[in-house]
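As numbered in mature numbering (1 follows the signal peptide of the UniProt record, and there is no 0), residues -27 to -1, 1 to 317 make up the sequence shown, in order. Just so it is clear, CB atoms sit at the ideal spot from N, CA and C, and this is done for glycine as well. Quick notes on the structure that follows.
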Amino acid sequence: MFKSSRFLFCSASFICTALFVASTTAAAQAAAAPAAAAPAAAPTNYPSRSIRLIVNSSPAGPLDICARAISMHAGKLLGQTIIVENRPGASGNIGAKAVANADPDGYTLLLTLDTLMTVNPHVFKDRAEDYTQSLEPLSIAGSFGLALAVRPDLGVATLQDFLHFAKSNVITYSSAGYGSPGNLAFEKLKLSLGFDVTHVPFRGSAGAVNALLGDQIQAGFLAASAVQPHVKAGKMRALAVSSRDPDPDLPGVSAMAQLGVESLKDFEAAFAFLVMAPRGVPADVAAKWDETLAQVYASPEFLASIASLGMRAPFSGHAVAKEWVQTRSGSWADVIESAGIKGE
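Structure, rendered in structure tokens:
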């Protein structure tokens, strides 16, 4: 459903309605009744002041870099300053809370990894507060897959070699933490193939990459853009990618579902960056962001600014973003339960 070709955005025009005020009081009341029942609408001059774009991760990371590129390009189109504010912590929940509790007027938005919406409700289901119920997606700001990378001295050159190795060895793998993309992808692979693994979590992707480089673990599902230089230097081997299609950062490395392994023919582990708003944001604000982000994502300058992040299409509006969240949330539930993944 989500291919690496660019999706077209829905664009919407604002519809201006005028209320005819009758000369009699009764007529005026009748005209006002349907207006009161209509969905909330934003002022037609939106935005009339600066906008906060909260990032629920630390500065200088992929989300932060993407947010600052969006803020610069979208701010020019909207004619307002977009202020990027980092609120990391608690697997993204701190930043999510700040946006969920904000007024749904389009002036406080969130940029987050989609696992906030598709994974956290399953991982943190015992928590009293679930901020995901108070948020809604405005846009997919690109998607990415992961590369299955191994140590060169493992004696494994292909995915088939890796599967043979896994039959007689317990695979140790690293990830950026419990519930991270690398953790989820590897547990999904384990569930598909039935081999034994030992998970070594780190606090961040840099630790997971360094663990593989330092021969502390044997394998990992890591960002393709992060492993590319190490693959070129011969310090890692990339066996396959987890997305539906090959990744341009790793030419010659096939998608896992394309390698002829029957149990992996439907395998996919893809993730996305989402622009989110408080639930109840007016429809015309969502439409404004559809229109604006469509122009941002079509800009060669913007695409060049995020190319190092390994982000790919789809760049899609709020309708496709909502569908992404719904389908991915269901697909990760079984993996999380099987692996016993719990929030830190």
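| Reduced DSSP category for Met284 - H, G, I as helix; E, B as strand; rest coil | Position 311 of the sequence shown, counting from 1, holds the residue named residue 284. Met284: coil per DSSP, three-state reduction.
| request: With distances taken Cα to Cα, identify the nearest neighbour of Phe135 among Met45, Gln201, Gly193, Val182. | output: As a working note, residue 135 is residue 162 in the sequence shown. Cα-wise, what sits closest to Phe135 is Gly193.
| query | Between the C-alpha atoms of Ala251 and Ser281, what's the straight-line distance to the nearest angstrom? | reply | Position 278 of the sequence shown, counted from the start, is the residue given in the question as residue 251. Position 308 of the sequence shown, counted from the start, is the residue given in the question as residue 281. With the sequence shown as reference, residue 251 is identified as Pro, and Ala is not the correct amino acid for it. Computed Cα separation, rounded: 30 angstroms.
| request: Kindly identify the DSSP beta-bridge partner or partners of Thr145. | output: Position 172 of the sequence shown, counted from the first residue, corresponds to residue 145. In DSSP, Thr145 forms a bridge with Thr171.
| field | Alpha-carbon to alpha-carbon, Arg41 and Ile27 | value | Numbered from its first residue, the sequence shown carries residue 27 at position 54. Numbered from its first residue, the sequence shown carries residue 41 at position 68. About 10 angstroms.
| Beta-carbon proximity list for Phe275, same chain, < 7 angstroms, skipping 5 on both sides | The sequence position of residue 275 within the sequence shown is 302, counting from 1. Ala42, His46, Val269, listed in sequence order.
| said: Within 10 Å of its beta-carbon, does Ala11 have 16 or more other beta-carbons around it, so buried, or fewer, so exposed? | reply: Walking along the sequence shown from the start, residue 11 turns up at place 38. Caution applies to Ala11, whose pLDDT of 41 falls short of 50 and renders its modelled position unreliable; the value that the coordinates give is listed next. It counts as exposed.
| query | Thinking just about the alpha-carbon of each residue, which of Ser302, Ser107, Asn74 is nearest to the one in Thr88? | reply | For the purposes of this step, residue 88 is taken as the residue at position 115 of the sequence shown. Here the closest residue by C-alpha is Ser302.
| request: Identify whether Ile43 lies in helix, strand or coil by the three-state DSSP scheme. | output: Translated into the one-based positions of the sequence shown, residue 43 becomes position 70. The answer is helix: DSSP assigns Ile43 an H, G or I state.
| query | When the Cα of residue 398 is compared with those of Val170, Ser30, Leu132, Leu50, which residue comes out closest? | reply | Since the first residue shown for the chain is -27 and the last is 317, residue 398 is missing from the structure and cannot be characterised.
| task | Within its chain, find whatever has a CB closer than 6 angstroms to the CB of Pro77; leave out the 5 residues flanking it on each side and keep chain order. | result | As a first step, residue 77 is located in the sequence shown; it is residue number 104 there, counting from the start. Within the same chain, Pro77 has close Cβ partners Pro251, Gly253, Val254.
| query | Terminal residues of the continuous alpha helix (DSSP H) containing Pro202? | reply | Your numbering for residue 202 matches position 229 in the sequence shown. 197 to 205 is the span of the alpha helix (DSSP H), which, as asked, contains Pro202.
| request: Measuring alpha carbon to alpha carbon, tell me which of Gly48, Leu119, Gln191 ends up nearest Ala139. | output: Here residue 139 refers to the residue found at position 166 of the sequence shown. Ala139 has its Cα closest to that of Gln191, out of Gly48, Leu119, Gln191.
| For Val123 and Lys163, the rounded distance between their alpha carbons | If you number the sequence shown from 1, residue 163 lands on position 190. If you number the sequence shown from 1, residue 123 lands on position 150. Taking the straight line from one Cα to the other gives about 15 angstroms.
| query | What's the call for Thr54, buried or exposed, on a 16-neighbour Cβ count within 10 Å? | reply | To locate residue 54, count along the sequence shown from 1; it is residue 81. Per the 10 Å Cβ criterion, exposed.
| Segment contact, 8 angstroms Cβ cut-off, at least three pairs: the region 164 to 171 with the region 233 to 249 | yes
| Per DSSP, the bridge partner or partners of Ile27 | Counting from one through the sequence shown, the residue named residue 27 turns up at place 54. In DSSP, Ile27 forms a bridge with Glu58, Leu83.
| task | Taking 8 angstroms as the threshold, find out whether the region 209 to 219 comes into contact with the region 60 to 76 through three or more Cβ pairs. | result | no
| query | Between which two residues does the beta strand (DSSP E) carrying Ala120 extend? | reply | In the sequence shown, residue 120 corresponds to position 147, counting from 1. First-last of the beta strand (DSSP E) with Ala120: 119 to 123.
| query | Nearest to Ala294 by alpha carbon, out of Leu266, Ile279, Ala197, Ser272? | reply | Taking the sequence shown and counting its residues from 1, one reaches residue 294 at position 321. Nearest C-alpha to Ala294: Leu266.
| field | Reduced DSSP category for Gly193 - H, G, I as helix; E, B as strand; rest coil | value | Looking up residue 193 in the sequence shown gives position 220. In this structure, Gly193 counts as strand in the three-state DSSP scheme.
| request: Have a look at Met249 and Val173 and give me their C-alpha separation to the nearest angstrom. | output: Within the sequence shown, numbered from 1, the residue matching residue 249 stands at position 276. Within the sequence shown, numbered from 1, the residue matching residue 173 stands at position 200. Distance between the alpha carbons of Met249 and Val173 is about 31 angstroms.
| task | Please name the residue, chosen from Lys261, Ala243, Ser148, Gly68, that lies closest to Thr171 on a Cα-to-Cα basis. | result | On the sequence shown, position 198 is the one that residue 171 refers to. Comparing Cα-Cα distances from Thr171 to each of Lys261, Ala243, Ser148, Gly68, the minimum goes to Ser148.
| task | Check whether the region 199 to 214 touches the region 178 to 185, counting contact only when three or more Cβ pairs, one atom from each stretch, lie closer than 8 angstroms. | result | yes
| said: Which of the three DSSP states is assigned to Ala312 in this structure? | reply: Translated into the one-based positions of the sequence shown, residue 312 becomes position 339. Ala312 falls in the helix class under three-state DSSP.
| When the distance is taken between beta carbons, is Leu108 closer than 8 angstroms to Ala73? | Locating residue 73 in the sequence shown gives position 100, where the first residue counts as 1. Locating residue 108 in the sequence shown gives position 135, where the first residue counts as 1. Going by C-beta atoms, Ala73 is nearer than 8 angstroms to Leu108.
| said: Can you tell me whether Arg301 is helix, strand or coil according to DSSP? | reply: Mapped onto the sequence shown, residue 301 falls at position 328. Helix, per DSSP.
| Cα-Cα, which of Asp222, Arg210, Leu185 is closest to Gly128? | Residue mapping note: residue 128 aligns to position 155 of the sequence shown, counting from 1. Nearest of Asp222, Arg210, Leu185 to Gly128, Cα basis: Arg210.
| Nearest to Gly313 by alpha carbon, out of Phe97, Asp188, Ala277, Gly79? | In the sequence shown, the residue the question calls residue 313 occupies position 340. Of the listed residues, the one whose Cα sits closest to Gly313 is Phe97.
| said: In whole angstroms, give me the CA-to-CA distance for Thr81 and Asp126. | reply: Working through the sequence shown from its first residue, we reach residue 81 at position 108. Working through the sequence shown from its first residue, we reach residue 126 at position 153. Cα to Cα, Thr81 sits roughly 49 angstroms from Asp126.
| task | Look at the alpha carbon of Ser153 and the alpha carbon of Ala259, and state the distance between them as a whole number of angstroms. | result | As a working mapping, residue 153 is identified with position 180 in the sequence shown. As a working mapping, residue 259 is identified with position 286 in the sequence shown. Distance between the alpha carbons of Ser153 and Ala259: 29 angstroms.
| With a CB to CB cut of under 8 angstroms and the five nearest residues on each side skipped, what residues in its chain are close to Pro94? | For the purposes of this step, residue 94 is taken as the residue at position 121 of the sequence shown. The answer, listed in chain order, is Asp103, Thr105, Ser302.
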